[in-house]
Amino acid sequence: MGNSQAYSRPARLLRIASWIIAIAFAILLNMLGSLVIRDLMYAPRGGRPEVAQFSDAATSPLAAQMRDLQLQRDALNDRMENTRIAHDRAGKLYVEARESFRNWIATRQATGDSRNDPELLARTRKLDELQTSVVGWQSQQNALADEARPIDAHLKQLRIEIAAARQAADKRYEAASRRYELIVFGWRLALTLPLLLVGVWLFIRFRKSRYWPFVYGFGLFALTAFFVELVPYLPSFGGYVRVLVGIALVVFAGIYMLRAFQKYVERKRADLEQSRTERARGVDYEKALSTFQKKLCPSCDKPWHLGGEQASYCIHCGLNLFKVCACGGRNFAFFPFCNQCGEPVAEMVERRSAEPGERPPASN
Numbered sequence: 001m002g003n004s005q006a007y008s009r010p011a012r013l014l015r016i017a018s019w020i021i022a023i024a025f026a027i028l029l030n031m032l033g034s035l036v037i038r039d040l041m042y043a044p045r046g047g048r049p050e051v052a053q054f055s056d057a058a059t060s061p062l063a064a065q066m067r068d069l070q071l072q073r074d075a076l077n078d079r080m081e082n083t084r085i086a087h088d089r090a091g092k093l094y095v096e097a098r099e100s101f102r103n104w105i106a107t108r109q110a111t112g113d114s115r116n117d118p119e120l121l122a123r124t125r126k127l128d129e130l131q132t133s134v135v136g137w138q139s140q141q142n143a144l145a146d147e148a149r150p151i152d153a154h155l156k157q158l159r160i161e162i163a164a165a166r167q168a169a170d171k172r173y174e175a176a177s178r179r180y181e182l183i184v185f186g187w188r189l190a191l192t193l194p195l196l197l198v199g200v201w202l203f204i205r206f207r208k209s210r211y212w213p214f215v216y217g218f219g220l221f222a223l224t225a226f227f228v229e230l231v232p233y234l235p236s237f238g239g240y241v242r243v244l245v246g247i248a249l250v251v252f253a254g255i256y257m258l259r260a261f262q263k264y265v266e267r268k269r270a271d272l273e274q275s276r277t278e279r280a281r282g283v284d285y286e287k288a289l290s291t292f293q294k295k296l297c298p299s300c301d302k303p304w305h306l307g308g309e310q311a312s313y314c315i316h317c318g319l320n321l322f323k324v325c326a327c328g329g330r331n332f333a334f335f336p337f338c339n340q341c342g343e344p345v346a347e348m349v350e351r352r353s354a355e356p357g358e359r360p361p362a363s364n
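Just so you know, we're using full-length UniProt numbering here: the sequence shown kicks off at 1 and counts up by one.
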């Protein structure tokens, strides 16, 4: 857009509206880009790897064996619990019977009654039976403990094997996750990096075109997509890629600016080698408006007011900058109408510059 637009209200409003369009266009593109970048995680076939995909296949047979053994161990525990209860009950009965027998023997010895020898035999036999029962239950407990020992050893071995299988599965999962992240990052980089390059190309070629708001909006979107939207999805080395691309862009921009400045210097040097008449003809209205407000010479782009506010010629290149109208008004030489009477300035640029005793152009 021309610089003269900054001097009229409609032009200022148009410029503001153009920037609003550029920013809105960039925001909408960023919203779309963030959705696309996010959904690229589903692009690889099969989607994101899960731990179960690697651990289940390795641990399922071992887990099945462990479940079967655990069922056997649980059933054995029930039997051992029942045996323990029976053993405790039999031991209690034996202790009670033995205590009763001792009391009976003490009474018999105190009274000297020897008529109860059959009862003595019966009591002794019953006590032996109870003791035999206790020993039998204890034997069953020992047998069940012997039966549980290999099951416990097998369960312990299975736990070790399952832990090792899960550790190996975790390593395979981590490797698959890294491959998945690399693939997704490659997709995202393949999307955002070309957008960034296209944005740079559009800015270089079309930043001064009629549709510049869309060029600027797309450029803002491309920069945001690469340097902001891509950040949450960067792998461990992704930061290097982003920084290297940023360095490349800075180097490219620096080289481009240096070349542009060199071309500008060469163009100005060539302009200053021309006569004042030719240089005056090359100053258009847009350039005149821009330089007048900045108090710069439209030919050499240097400040003319260093020679005083009433200076009529550029002290750097000798270009005639101010002329007096027929009405006596002092006007910038490149404005078409007088600021005092509103009439066209009487003397044209060609006549102003073709005066006798024309000064040679100054070097830059």
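Quick reminder that beta carbons are idealized off the backbone N, C-alpha and C, glycines included.
Option nearest residue i by Cα separation, candidates the options
{"i": "G318", "options": "A280, W19, L158", "result": "A280"}
{"i": "Q138", "options": "I85, A260, P61", "result": "I85"}
{"i": "S177", "options": "I247, P44, D88", "result": "P44"}
{"i": "I105", "options": "A90, L121, E147, V135", "result": "L121"}
{"i": "R242", "options": "P61, F227, L272, G329", "result": "F227"}
{"i": "D88", "options": "I20, S34, S133, S312", "result": "S133"}
{"i": "E309", "options": "R172, N331, Q131", "result": "N331"}
{"i": "F252", "options": "A311, K156, L196", "result": "L196"}
{"i": "Q140", "options": "Q157, V184, R179, N77", "result": "N77"}
{"i": "residue 378", "options": "R205, K171, E229, I162", "result": "In the structure displayed, the chain extends from 1 to 364; residue 378 sits before or after that span and is not available."}
{"i": "residue 371", "options": "E286, Y42, D301", "result": "This structure gives no information on residue 371, because the portion of the chain shown stretches from 1 to 364."}
{"i": "V231", "options": "S209, V200, L189", "result": "L189"}
{"i": "L272", "options": "L244, C314, E147, L249", "result": "C314"}
{"i": "A165", "options": "S60, I21, A175", "result": "S60"}
{"i": "D170", "options": "I20, T291, G33, F54", "result": "F54"}
{"i": "T124", "options": "A64, N320, F101, A225", "result": "F101"}
{"i": "A64", "options": "L155, S209, L13, G33", "result": "L155"}
{"i": "I20", "options": "W212, E181, E81", "result": "W212"}
{"i": "S14", "options": "R210, V250, A75, E174", "result": "Per the sequence shown, residue 14 should be read as Leu rather than Ser. It is R210 whose Cα lies nearest to the Cα of L14."}
Residue i - DSSP class collapsed to helix/strand/coil
{"i": "F335", "result": "coil"}
{"i": "R48", "result": "coil"}
{"i": "F322", "result": "strand"}
{"i": "P344", "result": "strand"}
{"i": "M1", "result": "Per-residue confidence for M1 stands at a pLDDT of 46, beneath the threshold of 50, marking its modelled position as unreliable; no derived number is given."}
{"i": "S18", "result": "helix"}
{"i": "P361", "result": "Here the model assigns P361 a pLDDT of 41, short of 50, so the residue's position is not dependable, and the following value carries that caveat. It is coil, neither helix nor strand."}
Close beta carbons around residue i, own chain, < 7 Å, minus the five adjacent residues each side
{"i": "A168", "result": "A58"}
{"i": "G329", "result": "C338, N339, Q340, C341"}
{"i": "D39", "result": "none"}
{"i": "W187", "result": "L40, A43"}
{"i": "H316", "result": "C297, C300, K302, A362"}
{"i": "R179", "result": "none"}
Same chain, Cβ closer than 6 Å to residue i, neighbours up to 5 away in sequence not counted
{"i": "R207", "result": "V215"}
{"i": "F334", "result": "V283, A288"}
{"i": "E161", "result": "L62"}
{"i": "G199", "result": "F218, G219, A222"}
{"i": "I37", "result": "R188, E229"}
{"i": "L130", "result": "L93, Y94, A97"}
{"i": "N364", "result": "In this prediction, N364 has a pLDDT of 36, which is less than 50 and means its spatial position is unreliable; what the coordinates show is noted afterwards. K268, R269, L272."}
{"i": "R73", "result": "I151"}
{"i": "T291", "result": "P298"}
Same chain, Cβ closer than 8 Å to residue i, neighbours up to 5 away in sequence not counted
{"i": "D56", "result": "none"}
{"i": "P344", "result": "P336, F337, C338"}
{"i": "V184", "result": "L40, M41, A43, P44, Y233"}
{"i": "R79", "result": "L144"}
{"i": "D146", "result": "none"}
{"i": "L127", "result": "Y94, A97, R98, F101"}
{"i": "C327", "result": "C338, Q340, C341, E343"}
{"i": "H305", "result": "K295, A311"}
{"i": "I204", "result": "Y256"}
**Asked** Using 8 Å as the Cβ pair cut-off and three pairs as the minimum, do the stretch 64-75 and the stretch 144-153 touch?
**Response** yes
**Message:** Please give the ranges of any alpha helix (DSSP H) in the stretch 269-320, keeping only runs that are unbroken, at least 4 residues long and fully inside the region.
**Reply:** 276-281, 285-294
**Message:** Just to confirm the assignment: which complete alpha helix (DSSP H) runs, minimum length 4, are found wholly within the stretch 142-227?
**Reply:** 212-224
**Prompt:** Okay, do the stretch 14-34 and the stretch 221-240 touch, 3+ Cβ pairs below 8 Å being the bar?
**Reply:** yes
**Request:** Mind the definition here: the stretch 233-252 touches the stretch 262-270 only if three or more C-beta pairs lie below 8 Å; say whether that holds.
**Result:** no
**Message:** With three or more C-beta pairs closer than 8 Å as the rule, is the stretch 84-99 touching the stretch 48-63?
**Reply:** no
**Prompt:** Quick one: complete beta strand (DSSP E) runs, 3+ long, within the stretch 40-99?
**Reply:** none
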